[in-house]
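*Asks:* The numbering of the sequence shown is the numbering used here, which starts it at 15 and goes up by one. All C-beta atoms in this analysis are idealised placements derived from N, C-alpha and C, irrespective of residue type, glycine included.
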Amino acid sequence: MQISSNKEIYIVGKIWNDPNREEKTIKISNGRINSIENGSRVPASTPDSDIILLDSDEYIFPSLTNLHTHVGYNVFPLWIKNKVWKSRHHWRNNPEYKLEISELNNFIKDKWPTQVNPFFISDFANLLIEEESINSLLKDKNQLQEALINEVKKAHAIISEIYAVVGGTGLIQQTLPLDKEDPSDRSFIIRNTGNQKDLEIPDTQQVYSIVDFFRPDPKPSGNENEDSSIWSPVIQKSFNDFITSVNNGNDKSYATLAHIGEGCSGFLHGLQQDAYSKKEVEAMFDILYNKIDKENLKSSFLSLTHGNGIDTSDQRQMDFLREHNITLIWSPVSNLLLYNDTVNIKAFLQNGINICLGSDWSPSGTKHVLDELKFAAILNEKFNWKISHDQLFDMVTVNPLKALGLESSTGIEAGKNADLFVLKSTPSQSPLDSLLFGKDADISFVIVNGRMVYGLKEHFDKMKVDYENFDVSEGALISKYGISINNVLKFDMKKSLSLIDSLIAEYCRIHTIPAMIRPRILASEDQNYSRILKRLAENS
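(1) Among Asn349, Leu352, Ser317, Ser402, which one has its Cα closest to the Cα of Ile367?
(2) Answer yes or no: do Leu517 and Trp126 have a C-beta to C-beta separation smaller than 7 Å?
(3) Compare the Cα-Cα distances from Ser101 to each of Asn237, Ile50, Asn310 and report the closest residue.
(4) DSSP three-state label for Met1, please.
(5) Alpha carbons only, please: which of Ser439, Asn88, Ser314, Gln443 is nearest the one belonging to Gly379?
(6) Using a 10 Å radius around the Cβ and a threshold of 16 neighbouring Cβ atoms, would you call Asn20 buried or exposed?
(7) Over what stretch of residues does the beta strand (DSSP E) that includes Asp78 continue unbroken?
(8) How many Å lie between Asn108 and Leu282 at the Cα?
(9) State yes or no: is the beta carbon of Phe474 nearer than 7 Å to at least one beta carbon in chain C?
(10) Just to check my reading of the structure: Leu81 and Leu271 have Cβ atoms closer than 8 Å, yes? What is that Cβ distance to the nearest angstrom?
(11) In three-state DSSP terms, what is Glu238?
(12) Taking only the alpha-carbon atoms, compute the straight-line gap between Phe407 and Ser544 and give it to the nearest angstrom.
(13) Check the DSSP bridge columns for Arg465 and list the partner residues they point to.
(14) What residues in its chain sit with their C-beta under 7 Å from that of Ile215, if we drop five residues either side in the sequence?
(15) Tell me, please, which residues DSSP counts as bridged to Cys370.
(16) Pick out whichever of Leu162, Lys292, Gln157, Lys168 has its Cα sitting closest to the Cα of Ala139.
(17) Closest by CA to Ser279, which one among Asp355, Phe435, Ser235?
(18) My parser needs the alpha helix (DSSP H) runs of 4 or more residues fully inside the segment 77-125; what are they?
(19) Roughly how far, in whole angstroms, is the beta-carbon of Thr39 from the beta-carbon of Ser18, given that I think they are within contact range, below 8 Å?
(20) Grab me the residues of Glu23's own chain with a C-beta within less than 6 Å of its C-beta, minus the 5 sequence neighbours each way, in chain order.
(21) Quick check on DSSP: helix, strand or coil for Lys254?
(22) Report the CB separation of Ala178 from His382 in whole angstroms; it is logged as a contact under 8 Å.
(23) Relative to the C-alpha of Asp333, which residue among Asn310, Leu302, Ser314 is closest?
(24) Between which two residues does the alpha helix (DSSP H) containing Tyr290 stretch?
(25) With distance defined between alpha-carbon atoms, name the residue in Leu158, Thr207, Ser116, Leu113 nearest to Leu420.
(26) What residue from Gln159, Leu446, Thr79 has the CA that sits closest to Leu371's CA?
(27) By how many angstroms is the C-alpha of Arg106 removed from the C-alpha of Lys292?
(28) Anyone know if the C-beta pair for Ser487 and Leu470 falls short of 7 Å?
(29) Considering only DSSP beta bridges, list what Gly496 is partnered with.
(30) Where does Asn48 sit, in a helix, a strand or coil, going by DSSP?
(31) Between which two residues does the alpha helix (DSSP H) holding Ile557 run?
(32) How big is the Cα-Cα spacing for Gly429 and Val347?
(33) Could you give the C-beta distance for Phe389 and Leu547, rounded to a whole number, given that I count them as a contact under 8 Å?
(34) CB-CB under 7 Å to Lys509, same chain, minus the five flanking residues each way: which ones, in chain order?
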């Protein structure tokens, strides 16, 4: 999907980390930063160029990267059960979770035509299918259902990316089987780790997103009090495939992002570390120590998501992670909401291990990785971890690109991808502190691959770029913004949001569960979400 603007773009303003706060001119062409010059160096206005003059309180930042997210869940509200789980396998097997989250997600993806009444399908057909096509499709029920499912999938995927891009995200983790999709459908607004073209990596390799390297035996009941110490980790095909790829010189995997040892870490509140999560990590290390080519592992770009079962007092584990370039992806909000705990992040940093931040997912995480960064900054101050603000910012910029082996691709430098956003700062704060302690509504616009994809409508209007409006019903702040979608996709914002809302409402009606409301797109306008995160920080 990725396209760049067919015009040259000149942005005149200040870059976030320039100590002198001097005005620069960034020239963007063909999706890349062509040059950066001191002062205002814009040419005379022509039909082939756009000039953006930033206000004195606006700063240019590199786009953020989120290597841990389940993007399809972004349309779901927070799932709060006031329970403290020991392991992810407790809540993943809980009947309430299955009914209210996993089955709802399956319903939206492709199960809804078999569960709703014919009138609902007919209404959807009239809403989604172009008039000239609908008569022929109505004659073939299977063909009609397939066409409707594809339209809903497209709307769901685009809306899910919108929730990410409003927080300055330029690259997001693949969580769908994108290798089965048409290449043009592997991403829509921003870059996706499942799309080789977005990452500019060989077509013969992939970035694999793995939910399970191991699963417990026996199958958990879903009761939060179940004893996890009796479970044994069973290796999954995904880990065997990873081992084979590494031992064959990383022939198939370019990088791997794998969940491992997610549960109570035993760090923050003196809780006991989850026994199963620790077993899972130990089983992984046993294989990495003894059954894998160590030199190939160093260049396999392995990232471990959560890693709560890692023993930070085990120096062998710490040294092995650092020496083999293995990254830890930290999701503190999700950890605290589910387990009332998180990893000893300072121990990982002190051992020189690459750390990234990930938002996880909307049922128990943040809306976008900017909010995860902001929450990490709050925890850092509260617990006096003495992590610098630059180190925190690296966790959503430099470090995830290092984790993927793509350090040379993105940043505010000539020759790199033109993936950036502009933030309106607070005069009394540095640009970075304005980002860490401000709001997502402070972002003026986001550019990905040299094309403005999200921003205040005044910028789109001045550049004469087509965009979709956010209706005022979505919030007063977001209604000032627009989103630019590739015209080929024929995306209708109002219609698409309406159909997702209709599906959520219909699912709740069918299953007689309390109504679930799709969360506000901007965190700044979602009072319930903001209240929960504030309380979480205070009680941590």
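*Replies:* In terms of the structure at hand:
(1) Ser317
(2) yes
(3) Asn237
(4) Lying before the first or after the last residue shown, residue 1 is absent from the chain, which here runs from 15 to 554.
(5) Asn88
(6) exposed
(7) According to the sequence displayed, residue 78 carries Leu and not Asp. It spans 78-80 - the beta strand (DSSP E) in which Leu78 sits, taken as one unbroken run.
(8) 25 Å
(9) Absent from the structure: chain C. Only one protein chain is present.
(10) 6 Å
(11) coil
(12) 21 Å
(13) Val462
(14) Tyr268
(15) Ile343
(16) Leu162
(17) Asp355
(18) 102-106, 117-120
(19) Wrong, their Cβ atoms sit about 19 Å apart, outside the cutoff.
(20) For the sequence presented, residue 23 should be read as Ile rather than Glu. Excluding sequence neighbours, Ile23 sits near Ile42, Asp64.
(21) Note that residue 254 corresponds to Asn in the displayed sequence, not to Lys. Three-state DSSP puts Asn254 in a helix.
(22) 5 Å
(23) Leu302
(24) 289-304
(25) Thr207
(26) Thr79
(27) 18 Å
(28) no
(29) Gly469, Asn483
(30) strand
(31) The requested residue 557 is not part of the displayed model; the chain covers only 15 to 554.
(32) 35 Å
(33) 6 Å
(34) Leu141
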